[in-house]
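To start, the structure itself, in structure tokens.
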Amino acid sequence: MAFSSKQQSKSALIAKTTYLATLISSLCVIGGIYLAFFNESLAEVKFNLFGNEFSSNSLGVAIAFIGVVLIGIVLSRVLLSVDRSTLSGGLGGNAEVIGDGEARGGKGGSSGSFGPGGNGGNAKVIGKGKAIGGDGGNG
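If you use the numbering used here, the sequence shown corresponds to residues 10 to 148, in order.
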């Protein structure tokens with residue numbers, strides 16, 4: 010499957026952004042643990058995260074917590090992206106003609122990068138005519 014230059018540049022940007030976010034969040038976790046254990050950085054820290062207010066007496070613990078949350082967000086986005094790229098196409102619609110005519114089954118949906126194409130729909134004719142099954146989607 011060939012990708013256009015726009016898709017390639019978008020993929021490269023997503024990869025670089027994911028790498029940068031993972032690097033920053035890892036530094037937050039490591040730096041927070043260092044501050045919590047080896048430095049007496051005691052201060053009342055309060056922050057809001059996803060509508061919830063968190064507070065801590067240690068700056069290091071707060072920074073490490075934010076880093077862990079960022080890693081979780083990055084991992085969930087990466088897994089969601091992988092899940093979307095491997096989905097198969099949808100099923101095609103069914104077609105039915107009663108009387109004279111031709112029935113064509115629906116086309117299956119396109120797949121992701123790795124998944125199979127969707128199944129074509131069923132075609133049924135009652136009376137005179139021709140029934141043609143649907144086409145599968147792109148693999």
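In this text, a Cβ means the ideal position worked out from N, Cα and C, and glycines have one as well.
The alpha carbon of A45 has as its nearest neighbour, out of G69, L84, I82, S65, the alpha carbon of G69. One thing to note: L89 has its Cβ no nearer than 7 Å to the Cβ of S34. The C-alpha of A30 lies about 12 Å from the C-alpha of L22. Rounded to the nearest whole angstrom, the CA to CA distance from S64 to S50 is 14 Å.
Where F63 is concerned, the enclosing beta strand (DSSP E) starts and stops at 61-67.
Annotation for S67: A45, S50, L51 place their beta carbon closer than 7 Å to its own, counting only its chain and skipping 5 residues before and after.
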